[in-house]
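Encoded as structure tokens, the structure appears first; notes follow it.
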Amino acid sequence: MKSSLGFSILSALALLIAAQPGLAESTASPAPEAGQVVIVDDRTLTDAIQTAFSGDPELAASQIKVETQFAVVHLSGNASATAKTRALALARQMPGVKEVRDSIKVQG
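In mature numbering (1 follows the signal peptide of the UniProt record, and there is no 0), the protein residues as written are -24 to -1, 1 to 84.
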């Protein structure tokens, strides 16, 4: 499960970076090594998390809102307990996220 979670996160980031005009050159940079700081702007983090959510079978139909400010991600909306747990895990493991604040209400 951890490897599929990591793959989802990396896939989401790769898609977002590749889709940004003028950033194709930056994709040739070596990946950061463990312990290195990853600097990502808030919009890119939000987009990457939303992309990861939409690509995850547990979260694709969820109504979880993602907002990011200064690399602090705020999740809100309604979801099942399983979807909430999955969303929090995906957001926390996204490179560049400093903190995840949970305001998701469990339904069902």
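Glycine included, every Cβ here is placed at the ideal spot set by N, Cα and C.
Within a 10 Å sphere around the beta-carbon of F46 sit fewer than 16 other beta-carbons, which makes this residue exposed. Looking at the backbone, the Cα of A57 and that of L51 are separated by about 14 Å. Taking each of Q69, S38, K74 in turn and checking the Cα distance to V82, the smallest one comes out for S38. In the three-state DSSP reduction, S38 falls in the coil class, being neither helix nor strand. DSSP places K60 in the uninterrupted alpha helix (DSSP H) bounded by 57 to 69.
Between the alpha carbons of V42 and V49 lies a gap of roughly 7 Å.
Of the residues assessed, A36 falls on the exposed side of the cut-off, its CB having fewer than 16 other CB atoms within 10 angstroms.
For D78, the enclosing beta strand (DSSP E) starts and ends at 75 to 82. Here the C-alpha atom of T27 lies approximately 11 Å from the C-alpha atom of L66. Straight-line measurement puts the Cα of L21 at about 7 Å from the Cα of V73.
A straight-line Cα-Cα distance of about 20 Å links M70 and G53.
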